[in-house]
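Participant: Below is a structure I'd like to ask you about.
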Amino acid sequence: MNEKGPEGCPISNVTQSAMEKELNATKITFDQDDIQGTYEEHHDALVIQLTIGNCLTKRILIDGGSLVNVIFADTLTIMGIERSNIIRRTTTLVGFNEDTTNTLGEITLPVFAKGINKPTKFNVIDYQSAYNAILGRPWIHDMKAVPSTYHQKIKFLLLGQLQTQDGVRSYDDLQLQEITLDHKHPDRKVFIDCFAWSHEDMAGIDPDIISHKLNVDPTFKPIKQKRRKFAPSATRKNQRSKTSRLVGKRGRRTKEEREMANLNKACPKDPFPLPHIDATVDATAEHELLTFMDAYSGYNQILMHTDDQEKTTFMTDKGMYCYKVMPFGLKNAGSTYQRLVNMRFKEHLGRTMEVYIDDMLVKSERSIDHVQHLKQSFDILRHYKMKLNPTKCSFGVRAGKFLGYMVTRRGIEATQSPRNVKEVQKLTGRVAALSRFISRSSDKCHLFYNVLRKNHGFVWTEAHEKALQDLKQYMTSPPLLSKPITGESLQLYHVVSSNAVSAVLIREEDQRQRPIYYVSKSFLDAETRYSSMEKLLLGLVTAAKKLRHYFESHHIIVVTNYPLKIVLRKQELTGQLAKCSICLSGFDLKYKPKTTIKSQVLVDFIAEFSP
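When you number the sequence shown by this note's numbering, it's gap-free, plus one each residue, and the end is 1592.
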């Protein structure tokens, strides 16, 4: 009986024999690059997620020691599969400790993995488990796959192409638990007063230290506000609370923020600068231990200046109220809070701490120093009565998310691509955050948008899988950005296409070129009519503006075969060339011809697909 290929067409014996020869000739190996996304030291089992029976199934254990494939009865119930579909063929399974378990029967379900949809026979067990299914040797051998628990990957071939299924990293669905730091003193607990479990636990920061002033422009006239409407439950909660939190966190324009828009218009923008996110994230990489901390309703811990409380007055059914604390909706609230943390943690910022508004991180290059670094930070928190949210703090971990990036001891990783409907819904919001890693993903993500437009649940087909693989292929391989070392020279490759200019900043380490940052800019209509030299200089200026913090602190070598240096030194420059020359004159730039195409091929690829 002939087997069928991916398109359902029979594969002839001759073709099948040729494919088997190619399969046998292809080696499946793991190397150091496959360790990315895992802890360097771990003992995790290989847990993946696949589509089983048209349902995205998480927590599937890959067990090379299991003689059968197992799926649990509760999993079938969640998938909507009736027990009547189970073939009543009872089997007795024996565990490693010789305990026996009788199965309910067998069921055959399609398992979709990277373009291969293989019918798989499962033994059904009515048992509570941490996993939804177990794929044993039968599935592994049918796929001709090679799993590696150390690399947290399983690899197999599809039509001669190597496919890789990543394991679900243990910190993707991080479960926090209480641990004992000192077993000699298990009852010892310190700095409990630095945490808040409700608004009643927040005493507020002394207004003599800092308070929020509105600095309203006197030329603006007061505007009568409409009455605000609250649900009865919210009204009762606000009456009980000393510092009602009526406005949501930054980044989400709530109803209260819209009603505060007039007040924000009357207040000039606070020029106090926020930290550069990329520079802050770079400084967190390559540390043995990290602690992530989040302030409890951080803005609400700062009191409004007494002269400005009345300016925040609003009307409700119960009367007129004003804010005693700094609400989240004010335009300059972030700058005020950043000013506070900069003043109080100034001796530790950049050394053992990184702070972006109310997101704090304590870092230690050596794990033995981490407790001491934490104590220094908590001493400051206690002294100024700053409170943390215990549900959003992670202590002494080797990896975690900070400002939208996954930081580990090895470097900075791109956030993993969407894997279910909820993650697909967040895709549009992540595009901007992932711009450091990829350029333009609209064409590659249109199938994901189609999933959201249909009300048939999460359906993952071969077309969706191919789109996901194309998106991953578009990213750097491996998608891990390097952190520059102070004082070293960096190289910039840039290229111009008909509709875009792209650049990549790299550093050399162990005779390998490692990417630091990717930049891509689409031409405006007027810019498409620039000369080739003007387009090249526009790309260089774009990179310099975007990566100013790197250009100012490093010697930049621009790798190009065009005479940019000669053009920029001409005395009679005018127009766009003169503007570019002035913009670049403040940086330490050196120009040299191309000697390798390794990084240039990558930047050409970015330019080809830019919008």
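Think of the CB as a built atom: it goes at the ideal place given N, C-alpha and C, for glycine as much as any other residue.
Ends of the beta strand (DSSP E) at Q1146?
Facilitator: Per DSSP, Q1146 belongs to the beta strand (DSSP E) from 1142-1147.
Participant: How big is the Cα-Cα spacing for R1332 and T1523?
Facilitator: Rounded to the nearest angstrom, the two C-alpha atoms are 31 Å apart.
Participant: Should N1480 go down as buried or exposed, given a rule of 16 or more other Cβ atoms within 10 Å for buried?
Facilitator: Looking at its Cβ environment, which holds fewer than 16 other Cβ atoms inside 10 Å, N1480 is exposed.
Participant: Roughly how many angstroms lie between the CA atoms of C1303 and D1275, to the nearest whole one?
Facilitator: Approximately 26 Å, taken between the alpha carbons.
Participant: For the beta strand (DSSP E) holding M1274, just list the boundary residues, first then last.
Facilitator: 1270-1275 is the extent of the beta strand (DSSP E) around M1274.
Participant: When the Cα of S1129 is compared with those of D1012, H1193, N1113, V1075, which residue comes out closest?
Facilitator: Selected option, being the one with the closest Cα: D1012.
Participant: Whole angstroms are fine: how far does the CA of S1192 sit from the CA of K1573?
Facilitator: Using only the alpha carbons, I get a separation of about 53 Å.
Participant: Report the rounded CA-to-CA distance for P1371 versus H1122, giving the unit in angstroms.
Facilitator: Roughly 46 Å between the two C-alpha positions.
Participant: Are the CB atoms of K1095 and N1050 nearer to each other than 8 Å?
Facilitator: Not in contact: K1095 and N1050 (Cβ atoms no closer than 8 Å).
Participant: Expressed to the nearest angstrom, what Euclidean distance is found between the alpha-carbon atoms of Y1277 and F1383?
Facilitator: Answer to the nearest angstrom: the Cα atoms are 17 Å apart.
Participant: Please classify I1106 as buried or exposed, where buried requires at least 16 neighbouring CB atoms within 10 angstroms.
Facilitator: I1106 is buried by the Cβ-count criterion.
Participant: Could you tell me whether the stretch 1490-1507 touches the stretch 1284-1293, where touching means 3 or more Cβ pairs closer than 8 Å?
Facilitator: Result no; under three Cβ-Cβ pairs closer than 8 Å.
Participant: Using only the alpha-carbon positions, how far apart do H1257 and Y1337 sit?
Facilitator: Each residue's Cα considered, the two are about 9 Å apart.
Participant: So S1345 packs on E1269, CB below 8 Å; how close in whole Å?
Facilitator: So it is a contact: roughly 6 Å between Cβ atoms.
Participant: Where does T1555 fall in DSSP's three states?
Facilitator: Reduced to three states, the DSSP call for T1555 is coil.
Participant: Who are the Cβ neighbours of L1545 in its own chain at under 6 Å, not counting the five residues just before and after it?
Facilitator: Same-chain partners within the cutoff: Y1572.
Participant: With three or more beta-carbon pairs closer than 8 Å as the criterion, would you say the stretch 1056-1076 touches the stretch 1034-1048?
Facilitator: Yes: at least three Cβ pairs fall under 8 Å.
Participant: Three-state secondary structure (DSSP) at Q1290?
Facilitator: In the structure shown, Q1290 sits in a helix (DSSP, three-state: H, G or I).
Participant: When the distance is taken between beta carbons, is F1568 closer than 8 Å to F1532?
Facilitator: Result yes, Cβ atoms of F1532 and F1568 sit closer than 8 Å.
Participant: For Y1511, count the other beta carbons within 10 Å of its own beta carbon; 16 or more makes it buried, fewer makes it exposed. Which is it?
Facilitator: Burial call: buried.
Participant: For the structure I just gave you, are there three or more beta carbon pairs, one from the stretch 1052-1066 and one from the stretch 1033-1040, closer than 8 Å?
Facilitator: Yes, since at least three Cβ pairs between the stretch 1052-1066 and the stretch 1033-1040 fall closer than 8 Å, the two stretches touch.
Participant: Do you know how far the Cα of K1305 is from the Cα of L1244?
Facilitator: So the alpha carbons of these two residues sit roughly 16 Å apart.
Participant: How many Å lie between T1082 and A1260 at the Cα?
Facilitator: If you take the alpha carbons of T1082 and A1260, they lie about 55 Å apart.
Participant: DSSP three-state call for Y1572: helix, strand or coil?
Facilitator: Y1572: strand per DSSP, three-state reduction.
Participant: Are G1381 and Y1318 closer than 8 Å when you measure CB to CB?
Facilitator: Taking 8 Å as the Cβ cut-off, G1381 and Y1318 do not qualify as a contacting pair.
Participant: With DSSP as the reference, please indicate the residues paired to R1488 in a beta bridge.
Facilitator: In DSSP, R1488 forms a bridge with R1495.
Participant: In angstroms, rounded to a whole number, what distance separates the CA positions of R1363 and D1174?
Facilitator: Distance between the alpha carbons of R1363 and D1174: 7 Å.
Participant: What three-state label does DSSP hand K1008 in the structure shown?
Facilitator: Three-state result, K1008: coil.
Participant: Distance check for N1313 and R1320, CA to CA, integer angstroms please.
Facilitator: Those two C-alpha atoms are separated by around 11 Å.
Participant: Helix, strand or coil for D1154 per DSSP?
Facilitator: Confidence in D1154 is poor, its pLDDT being 44 and thus under 50, which makes the residue's placement unreliable; the coordinate value appears in the next sentence. Correct three-state label for D1154: coil.
Participant: In angstroms with no decimal places, state the Cα-to-Cα distance between T1200 and R1390.
Facilitator: Cα to Cα, the separation comes out at about 53 Å.
Participant: Distance check for M1367 and D1298, CA to CA, integer angstroms please.
Facilitator: Each residue's Cα considered, the two are about 33 Å apart.
Participant: List the endpoints of the continuous alpha helix (DSSP H) containing G1381.
Facilitator: From DSSP, G1381 is part of no alpha helix (DSSP H) but of the beta strand (DSSP E) over 1380-1383.
Participant: Check F1137 in the structure and name its three-state DSSP category.
Facilitator: Three-state result, F1137: strand.
Participant: Would DSSP call P1544 helix, strand or coil?
Facilitator: Correct three-state label for P1544: coil.
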